[in-house]
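Number of protein chains: 2
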Amino acid sequence: MRTQSAVGSDLSKRQSPSRVTPNRLGGTIDFLGTLMSFPGNAEIYGEGEPVDYFYKVLSGTVRTCKVSIDGRRQIGGFYLPGDMLGVEGSAEHTFSAEAVTDCQVLLINRRRVMARAARETPVARELLRLIGHELERVQDHVLLLIKSAEERVASFLLEMAGPAPEGNTINLPMTRQDIGEYLGLTLETVSRTLAHLQATAAIEVHSRQIVLRNRSALRRLNA
Amino acid sequence: MRTQSAVGSDLSKRQSPSRVTPNRLGGTIDFLGTLMSFPGNAEIYGEGEPVDYFYKVLSGTVRTCKVSIDGRRQIGGFYLPGDMLGVEGSAEHTFSAEAVTDCQVLLINRRRVMARAARETPVARELLRLIGHELERVQDHVLLLIKSAEERVASFLLEMAGPAPEGNTINLPMTRQDIGEYLGLTLETVSRTLAHLQATAAIEVHSRQIVLRNRSALRRLNA
DNA sequence: CGACCATTTGATATGGATCAAGCGATGTGG
DNA sequence: CCACATCGCTTGATCCATATCAAATGGTCG
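Heads up: the protein sequence lines correspond to chains A and B, in order.
Read left to right, the first sequence gives residues 0 to 222 (numbering that gives the first Met the number 0).
Read left to right, the second sequence gives residues 0 to 222 (numbering that gives the first Met the number 0).
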């Protein structure tokens, strides 16, 4: 049951870039961008490559990750439609980025943004806001990693549900393994913890579809 | 043996601010700042307070930390002389900051920096560099927290030793408890791990004074 | 000297990892 | 159309790294 597959799913390989009209992006960064589509598990950029673009997710899900020498893999974050990635501190990417599902991404030339930021204060301000947002995301990740397994999974579900408590059903685009690598747990522990949260009636688990039955119970675990 | 105590250690309470000549700071942010001294364990700013200043550590050591509802305490980082703190994503501090030892800190008015950044591109660029640096620091912290206890302690020692391999002796200004709260370990585990590293001849432990005897062994654990 | 802290060290408990097996869904080739 | 391989997920049994509880040591300061 591939629940949250992609939109442009007939594009099964990197297709050649095509021009797109300037979208209203996060804020004032509304340059002409280049639209690209990636099939699931494709690499969008690699660790150590120069930061040439900012990437805005238009559809699908992207993960950033890093593999250490001994093969352990850490996922830095999941990026959903509307999220911006590739905003980093150094000139090279410290993580790589991969499509979780098929996805469409808008590539925004970094040098052009920087050049414009030098002339237009609002663009500079927006850049600062973007990297500040990324900083907060990573700080929250640190706080996640010191919690118990149950707290991590509960926090993760609330994070994926988003701030707006619209529906109670979420369709996770990623595998248990991905979740585990994000939370610093094994896939078995993720599975067991979901089962346990279901046993306590906090959620309902239907494979990748999760129904939040008791948000406040989850929030209580969010410590 | 208070090894790395402070410089202005006769100032035992927050003294009234006094003007200071414009120091050559990190880069282009060389405003007039206000010098303040704090005794060990004093709060420099609190979590949730508005971000009114950037803080440059001139002497001593500062830690940022956050206490969760259930009382667990996480240290976000240690800031040594030359380091800048208070550079955050949001308008309120997400962590509080406390003096580890007596210390002197230069307070730099945030609004003035922002105003100047709007007019002078190099200042804006420097701001971006500072927050980018902070982002990298936190990303490294995430990678720390998924390692084994021995790897965490080894990484910590190398981090405290600094990039320049000058001397092999480091004087830790903080307690085992602080180290544990930074590394996501208990103070007992920190102590035992140091003892174990000493047993393998990688280091020598004299309470807070640590001698690095075999850096490459530590670096090997740095995975 | 005595009180207080930071640190070390020991004994035991436990949460999550690891190893292993089974299951359901999906897709493929005969 | 079915047999089979594959993949993601679940569940069980066991192990181990680190937490927790507890006590002793040593240094510092009044």
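Glycine included, every Cβ here is placed at the ideal spot set by N, Cα and C.
Fair warning: this is a prediction, and the values are worked out from it, not measured in the lab.
*Whose CA, out of B:Ala96, B:Glu187 and B:Ser190, lies closest to the CA of Phe37 (chain B)?*
Position 38 of the second sequence, counted from the first residue, corresponds to residue 37 (chain B). The candidate whose alpha carbon is nearest that of Phe37 (chain B) is B:Ala96.
*asked:* For Arg115 (chain A), which residues in the same chain have their Cβ closer than 6 angstroms to its Cβ, ignoring the five residues on either side in sequence?
replied: Taking the first residue of the first sequence as 1, we reach residue 115 (chain A) at position 116. Within the same chain, Arg115 (chain A) has close Cβ partners Val122.
*Hey, how far is the Cα of Ile107 (chain B) from the Cα of Val112 (chain A)?*
Counting from 1 along the second sequence, the entry for residue 107 (chain B) is found at position 108. Counting from 1 along the first sequence, the entry for residue 112 (chain A) is found at position 113. C-alpha separation (whole angstroms): 28 angstroms.
*On the three-state DSSP scale, how would you describe Thr20 (chain A)?*
Counted from its first residue, the first sequence places residue 20 (chain A) at position 21. Per-residue confidence for Thr20 (chain A) stands at a pLDDT of 37, beneath the threshold of 50, marking its modelled position as unreliable; the derived number appears in the next sentence. In this structure, Thr20 (chain A) counts as coil in the three-state DSSP scheme.
*How big is the Cα-Cα spacing for Gly75 (chain A) and Thr63 (chain A)?*
If you number the first sequence from 1, residue 75 (chain A) lands on position 76. If you number the first sequence from 1, residue 63 (chain A) lands on position 64. Straight-line Cα distance between these residues: approximately 5 angstroms.
*Could you tell me whether the region 129-139 of chain A touches the region 83-98 of chain A, using the rule of 3 or more Cβ pairs below 8 angstroms?*
yes
*Among A:Lys146, A:Met173, A:Leu126 and A:Ala163, which one has its Cα closest to the Cα of Leu182 (chain B)?*
Indexing the second sequence from 1 puts residue 182 (chain B) at position 183. Nearest C-alpha to Leu182 (chain B): A:Lys146.
_Is it buried or exposed, Arg219 (chain B), if we count other Cβ atoms within 10 angstroms and call 16 or more buried?_
Counting from one through the second sequence, the residue named residue 219 (chain B) turns up at place 220. Exposed: under 16 other Cβ atoms inside 10 Å.
_Short Cβ contact (9 angstroms threshold) for Lys55 (chain B) with Val104 (chain B)_ = The sequence position of residue 55 (chain B) within the second sequence is 56, counting from 1. The sequence position of residue 104 (chain B) within the second sequence is 105, counting from 1. Yes, they are a contact pair.
*So, does the CB of Asp51 (chain A) fall closer than 9 angstroms to a CB anywhere in chain B?*
In the first sequence, residue 51 (chain A) corresponds to position 52, counting from 1. Not one chain B Cβ lies under 9 angstroms of Asp51 (chain A).
*Between the region 126-149 of chain A and chain B, which residues of the former have a C-beta closer than 7 angstroms to a C-beta of the latter?*
Leu126, Leu127, Ile130, Gly131, His132, Glu133, Leu134, Glu135, Val137, Gln138, His140, Val141, Leu142, Leu144 and Ile145
*What did DSSP end up calling His205 (chain B) once you bin it into helix, strand or coil?*
By one-based count along the second sequence, residue 205 (chain B) stands at place 206. Looking at His205 (chain B) - three-state DSSP - the assignment turns out to be strand.
*Write down the C-beta distance between Met173 (chain A) and Phe77 (chain A) rounded to the nearest angstrom, noting that I regard them as a contact closer than 8 angstroms.*
Taking the first sequence and counting its residues from 1, one reaches residue 173 (chain A) at position 174. Taking the first sequence and counting its residues from 1, one reaches residue 77 (chain A) at position 78. Going by Cβ atoms, the distance from Met173 (chain A) to Phe77 (chain A) rounds to 7 angstroms, so yes, they are a contact pair.
*asked:* Against Glu120 (chain A), what residues of chain B qualify as contacts under a CB-to-CB distance less than 7 angstroms, listed in chain order?
replied: On the first sequence, position 121 is the one that residue 120 (chain A) refers to. One point to set straight first is that residue 120 (chain A) is Thr, not Glu, in the sequence displayed. Correct list: Ala117.
*Neighbouring residues, chain B, relative to Arg71 (chain A) (Cβ below 8 angstroms)*: Locating residue 71 (chain A) in the first sequence gives position 72, where the first residue counts as 1. Under the 8 angstroms cutoff, chain B gives Ile145 and Ala222.
*Paired residues, beta bridge with Tyr181 (chain A) - DSSP*: Taking the first sequence and counting its residues from 1, one reaches residue 181 (chain A) at position 182. None, per the DSSP bridge assignment.
*According to a CB-to-CB cut-off of less than 9 angstroms, which residues of the region 84-96 of chain A neighbour chain B?*
Val86, Glu87, Gly88, Ser89, Thr93 and Phe94
*Rounded to whole angstroms, what's the CA-CA distance from Val141 (chain B) to Asp139 (chain A)? Just pull it up for me.*
The residue given as residue 141 (chain B) occupies position 142 in the second sequence. The residue given as residue 139 (chain A) occupies position 140 in the first sequence. C-alpha separation (whole angstroms): 10 angstroms.
*Relative to the C-alpha of Arg212 (chain B), which residue among B:Arg110, B:Glu42 and B:Thr168 is closest?*
Sequence index remark: in the second sequence, residue 212 (chain B) carries index 213 (1-based). Of B:Arg110, B:Glu42 and B:Thr168, the residue nearest in Cα terms is B:Thr168.
*Residue interval of the alpha helix (DSSP H) (run including Thr188 (chain B))*: The residue labelled residue 188 (chain B) in the question sits at position 189 within the second sequence. Leu186 to Ala198 is the span of the alpha helix (DSSP H), which, as asked, contains Thr188 (chain B).
*In its own chain, which residues sit with a C-beta less than 7 angstroms from the C-beta of Val66 (chain A), not counting the 5 before and 5 after it?*
Along the first sequence, read from residue 1 onward, the residue named residue 66 (chain A) stands at position 67. Excluding its 5 nearest sequence neighbours in each direction, Val66 (chain A) has C-beta neighbours in its own chain below 7 angstroms: Arg72, listed in chain order.
_Going by the DSSP bridge assignment, what does Met173 (chain A) pair with across the sheet?_
Reading the first sequence from its first residue, position 174 is the one you call residue 173 (chain A). Met173 (chain A) is not bridged to any residue.
_Let's test the definition: count the other Cβ atoms within 10 Å of the Cβ of Ile68 (chain A) and tell me whether it reaches 16, buried, or not, exposed._
Translated into the one-based positions of the first sequence, residue 68 (chain A) becomes position 69. Ile68 (chain A) is exposed by the Cβ-count criterion.
_Listed by chain order, chain B residues near Gly224 (chain A) by CB distance under 8 angstroms_ = No answer is possible for residue 224 (chain A): it lies beyond the span of chain A, which begins at 0 and ends at 222.
*Who pairs with Ile74 (chain A) in a beta bridge, going by DSSP?*
Taking the first sequence and counting its residues from 1, one reaches residue 74 (chain A) at position 75. A:Cys64, per the DSSP bridge assignment.
*Between which two residues does the alpha helix (DSSP H) carrying Glu165 (chain A) extend?*
Here residue 165 (chain A) refers to the residue found at position 166 of the first sequence. Unbroken run through Glu165 (chain A): none, as it is neither H nor E.
_Cβ neighbour criterion (16 or more within 10 Å) applied to Glu48 (chain A)_ = By 1-based counting over the first sequence, the position of residue 48 (chain A) is 49. Exposed is the call here.
_9 angstroms Cβ cutoff, Ser215 (chain A) in contact with chain B_ = The residue given as residue 215 (chain A) occupies position 216 in the first sequence. Ser215 (chain A) does not count as touching chain B.
*Just tell me which of A:Glu165, A:Arg214, A:Arg110 and A:Arg151 has its CA closest to the CA of Phe53 (chain A).*
Residue numbering aside, residue 53 (chain A) sits at position 54 when the first sequence is read from its first letter. The residue with the shortest Cα to Cα distance from Phe53 (chain A) is A:Arg110.
*DSSP three-state call for Leu134 (chain A): helix, strand or coil?*
As a working note, residue 134 (chain A) is residue 135 in the first sequence. Here Leu134 (chain A) sits in helix by DSSP.
*Neighbour-count burial assignment, Thr199 (chain B), 16 or more Cβ in a 10 Å radius*: The residue you call residue 199 (chain B) lines up with position 200 of the second sequence. With fewer than 16 Cβ atoms within 10 Å of its Cβ, Thr199 (chain B) is classed as exposed.
*Helix, strand or coil at Phe37 (chain A) according to DSSP, with G and I counted as helix*: Start at 1 with the first residue of the first sequence, and residue 37 (chain A) comes out as number 38. Strand at Phe37 (chain A).
*Give a yes or no on whether the minimum CB-CB distance between Ala201 (chain B) and chain A is below 9 angstroms.*
Indexing the second sequence from 1 puts residue 201 (chain B) at position 202. By this cut-off, Ala201 (chain B) is not an interface position.
*State the beta-bridge partners of Glu91 (chain A) as determined by DSSP.*
By one-based count along the first sequence, residue 91 (chain A) stands at place 92. Its beta-bridge partners are A:Pro49.
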